[in-house]
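For reference, the structure is listed below as structure tokens.
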Amino acid sequence: MHYQQDISACLSPIVGDRGLSQNSFNNEIKRANDALDWFKGEFKSGRLPAFDVCSHTDDIVNLSDLAEGMRDSCDTIAILGTGGSSLGAQTVCALSKINSGPKIKFLDNIDPYTLDRFIDETTLDRLGLLIISKSGGTMETLAQAVTIAPELNDFGPNKIIVITENSDSPLKQFSRQFNLMTLDHDPNIGGRFSAFSMVGVLPALLAGIDVQKFRAGAYETLSQALIADQVLDVPSAVGAAVSVALYREKATRISVLMSYSDRLSKFSHWYRQLCAESLAKGGEGMTPIAGLGTVDQHSQLQLYLDGPNDKMFTFLSPRHGGIGATVDNKISKEIGLDYAADCTVGDLIDAAHHATHSSIIAKGHPTRLLTIDKLNEASLGALMMHYMLETVMIARLLDINPFNQPAVEDGKLRAQEYLKA
Numbered sequence: 032m033h034y035q036q037d038i039s040a041c042l043s044p045i046v047g048d049r050g051l052s053q054n055s056f057n058n059e060i061k062r063a064n065d066a067l068d069w070f071k072g073e074f075k076s077g078r079l080p081a082f083d084v085c086s087h088t089d090d091i092v093n094l095s096d097l098a099e100g101m102r103d104s105c106d107t108i109a110i111l112g113t114g115g116s117s118l119g120a121q122t123v124c125a126l127s128k129i130n131s132g133p134k135i136k137f138l139d140n141i142d143p144y145t146l147d148r149f150i151d152e153t154t155l156d157r158l159g160l161l162i163i164s165k166s167g168g169t170m171e172t173l174a175q176a177v178t179i180a181p182e183l184n185d186f187g188p189n190k191i192i193v194i195t196e197n198s199d200s201p202l203k204q205f206s207r208q209f210n211l212m213t214l215d216h217d218p219n220i221g222g223r224f225s226a227f228s229m230v231g232v233l234p235a236l237l238a239g240i241d242v243q244k245f246r247a248g249a250y251e252t253l254s255q256a257l258i259a260d261q262v263l264d265v266p267s268a269v270g271a272a273v274s275v276a277l278y279r280e281k282a283t284r285i286s287v288l289m290s291y292s293d294r295l296s297k298f299s300h301w302y303r304q305l306c307a308e309s310l311a312k313g314g315e316g317m318t319p320i321a322g323l324g325t326v327d328q329h330s331q332l333q334l335y336l337d338g339p340n341d342k343m344f345t346f347l348s349p350r351h352g353g354i355g356a357t358v359d360n361k362i363s364k365e366i367g368l369d370y371a372a373d374c375t376v377g378d379l380i381d382a383a384h385h386a387t388h389s390s391i392i393a394k395g396h397p398t399r400l401l402t403i404d405k406l407n408e409a410s411l412g413a414l415m416m417h418y419m420l421e422t423v424m425i426a427r428l429l430d431i432n433p434f435n436q437p438a439v440e441d442g443k444l445r446a447q448e449y450l451k452a
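Each number in the numbering used here comes from the position in the sequence shown (counting from 1) with 31 added on.
Put into structure tokens, the structure is as follows:
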């Protein structure tokens, strides 16, 4: 396993009345077993391509060739997309260690100042574009594409690639007009579940990520769920059971994910969309909060420790101990920082993580701990698959369809009408 899960501080013997009794936990675990059986059946029937895609390697060679061509031809590659067409890729690309090659820039908003600044600061004849929209009708992405792409003097596959469904959408029409290289987005994979498809893999290849390890880590987590004889052997199913039991019995409506690594910041935002769009239906749902340690300890911790006890916390961190620069011994002692003398900055973030985690528990908040031995492509893939599995099983337990987002369409239509007026 690339990560370990500890849910003991979600139970009443440790956190008191806001935690679950052993009986409540056991009852929800039985229901989670049914949800896991449902998932296995759906997967076996081929109805979950977003999960199955992580077992594939046949598409990686072609995608790698496309990525290599664009990397060789560009100094900057802008990835145009928003929401599920961007967050998964941003999460994976945060692991990039490459100091050479093109700069990867995600343009996921249409703030006019940001877009103008990007165009002004970029050498357009060395710019590549990866344009991603599942529907092909995303207003923000289309606006960016029709603003930037015509300024380029080369429309070949080394400069512009489009990922969208094979339909007569505005983006598809735009692609035909400029004869752009277009890859077909699987219509059965929703954006927020698309990280292991070409939507996440091609940007990752552009950033120099080992996508085979990324998918392999995900497949390891998926396989564990598919072959498990006991639901307690499936961390994602256990996480789903705890979340739903707290939601039902303790009115725990807020889910806080505190990640202790800058490289996991985008992971928290990816999780936020996954949870919000998948589980908020018909008055049900949990409100996800993305936190980053240690930064958000200095802005949110007062609320978490002394505010309403209506939250479930998940602390997520790789092991940082002994990593990074060492705090100067002599200067530390001279200025009263004795306790940090000769510590690494990794030791400091580990100490802050464990201290905050124990403080939250001491205040009686149900708290889960996810620990990663080493943050890399495989462990990130495993974590993302964990949360995808956990989300669909929570949805099953709450009798919710996790794969649609009907309310979102209203806002899109209103924006179009506003612009037409």
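Glycine included, C-beta positions come from ideal geometry on N, C-alpha and C. Please read these numbers as outputs of a predicted model, since none were measured by experiment.
Practice task
For Gln-498, name the three-state secondary structure that DSSP assigns.
Solution key: Since the first residue of the chain shown is 32 and the last is 452, residue 498 is not available in this structure.
Practice task
Give every residue of the same chain whose Cβ lies closer than 7 angstroms to the Cβ of Ser-390, excluding the five residues on either side of it in the sequence, and list them in chain order.
Solution key: Leu-336
Handout entry: Which listed residue (Ser-410, Gln-243 and Arg-284) has its alpha carbon closest to that of Val-92
Key = Gln-243
Exercise for the section: Verify whether the separation of the beta carbon atoms of Leu-428 and Arg-62 is less than 7 angstroms. Expected result: yes
Practice task
Would you mind sorting Tyr-144 into buried or exposed? The rule is 16 or more other CB atoms within 10 Å of its CB.
Solution key: exposed
Handout entry: Proximity winner among Gln-304, Phe-245, Glu-73 and Asn-197, relative to Asn-435 (alpha-carbon distances)
Key = Gln-304
Practice task
State whether the segment 241-256 contacts the segment 298-315, with contact taken as three or more CB pairs (one from each stretch) at a distance under 8 angstroms.
Solution key: no
Problem - Which of helix, strand or coil DSSP assigns to Thr-357 - result: strand
Problem - Secondary structure of Val-265, DSSP reduced to three states - result: coil
Exercise for the section: Might you give, ordered along the chain, the residues of its own chain that have their beta carbon closer than 8 angstroms to the beta carbon of Asp-83, omitting 5 neighbours on each side? Expected result: Phe-74 and Gly-77
Handout entry: Helix, strand or coil at Pro-397 [DSSP, three-state]
Key = coil
Handout entry: Within the segment 361-420, ranges of the beta strand (DSSP E) (whole runs, at least 3 residues)
Key = 398-403
Practice task
Can you grab the Cα-Cα spacing for the pair Phe-56 / Thr-375, in whole Å?
Solution key: 40 angstroms
Handout entry: Per-residue DSSP class, three states only, for Ala-256
Key = helix
Exercise for the section: Look at the alpha carbon of Asn-58 and the alpha carbon of Ala-426, and state the distance between them as a whole number of angstroms. Expected result: 17 angstroms
Problem - Inter-stretch contact at 8 angstroms, needing at least 3 Cβ pairs: the segment 100-109 / the segment 126-144 - result: yes
Exercise for the section: Can you say whether Gln-454 is buried or exposed, counting buried as having 16 or more other CB atoms within 10 angstroms of its CB? Expected result: Outside the displayed span of the chain (32 to 452) sits residue 454, for which this structure offers no information.
Handout entry: Simplified DSSP state of Met-170, which is helix, strand or coil
Key = helix
Handout entry: Rounded distance between the beta-carbons of Ile-191 and Met-212, thought under 8 angstroms
Key = 7 angstroms
Exercise for the section: Specify, as a first and last residue, the run of the beta strand (DSSP E) that Leu-183 falls within. Expected result: Note, Leu-183: premise wrong, no beta strand (DSSP E); not H, not E.
Practice task
Mind listing, in chain order, the continuous alpha helix (DSSP H) runs of no fewer than 4 residues lying wholly within the segment 61-90?
Solution key: 80-83
Exercise for the section: Go ahead and label Gln-261 buried or exposed: buried means 16 or more other beta carbons lie within 10 angstroms of its beta carbon, across all protein chains shown. Expected result: exposed
Practice task
Give a yes or no on whether the C-beta atoms belonging to Ala-287 and Lys-342 are separated by under 7 angstroms.
Solution key: What sits at residue 287 in the sequence shown is Val, not Ala. It is a contact, given that the beta carbons lie within the stated cut-off.
Exercise for the section: Check whether the Cβ atoms of Ile-141 and Ile-163 sit closer than 7 angstroms, and answer yes or no. Expected result: no
Practice task
Determine the contact status of Ala-176 and Leu-111, defining contact as a CB-CB distance below 7 angstroms.
Solution key: yes
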